[in-house]
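Asks:
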Amino acid sequence: MKTISRLFLTLSVLFTVGACAQEAAVECDPARFAKLMAEKPGQVLDVRTPEEWATGVIAGARFIDFNAGGFKAAAPAQLDKARPVYVYCAAGGRSYRAGKQLKELGFTEVYDLVGGMEAWKEAGLPTVPYARDAKR
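Basically the working numbering = 1-based index in the sequence shown + 139.
Encoded structure:
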């Protein structure tokens, strides 16, 4: 009986840990984020505000203002769940929350830029001007 109890406990812990691990996006520093985007092309998602977009964006980014509300409805409408998503914000807080929500929505491969656009620019990585006709 003890063996069955231990087995049940072990399996419960493994399933719980596995479920928790799937809830968060993979956190990446700017160099790794850029490398992954080059190696595994996907969808770049900027979750900053329009005012922040005006300061420059990562090339090819799509835009969903996380603070505007409606993220859980907008993301599946604009993004392909089967392709990698590279999400960033200004400093990392919103992109962390957005990445977690993307995972909850069934997106399988989500990468979060730790430190956001601030870290990206500090690393000397390229930005482009925000194009008003960019995908939203």
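C-beta atoms are modelled at their ideal positions from N, C-alpha and C, and glycine is treated no differently.
Looking only at DSSP bridge pairs, what is residue 183 linked to?
Replies: In the DSSP output, where bridge partners are listed per residue, residue 183 has 225.
Asks: Using only CA atoms, which one of 254, 197, 184 and 194 lies nearest to residue 166?
Replies: 254
Asks: Who does residue 196 pair with in a DSSP beta bridge?
Replies: 267
Asks: Taking just the CA atoms, how far does residue 190 sit from residue 178?
Replies: 30 Å
Asks: Enumerate in chain order the residues of its own chain whose CB-to-CB distance from residue 268 is below 7 Å, with the five nearest sequence positions on each side excluded.
Replies: 195
Asks: Using a 10 Å radius around the Cβ and a threshold of 16 neighbouring Cβ atoms, would you call residue 219 buried or exposed?
Replies: exposed
Asks: Does DSSP put residue 323 in a helix, a strand or coil?
Replies: This structure does not reach residue 323, given that the chain is present from 140 up to 275, and the question cannot be answered.
Asks: Tell me which residue opens and which closes the alpha helix (DSSP H) that residue 175 is part of.
Replies: Under the DSSP assignment, residue 175 falls in the alpha helix (DSSP H) whose first and last residues are 169-178.
Asks: Under a three-way DSSP split, which group does residue 243 fall into?
Replies: helix
Asks: Who are residue 166's beta bridge partners in DSSP?
Replies: 251
Asks: Select from 242, 169 and 230 the residue whose C-alpha is nearest the C-alpha of residue 223.
Replies: In this structure, 242 is the residue among 242, 169 and 230 with its C-alpha nearest to the C-alpha of residue 223.
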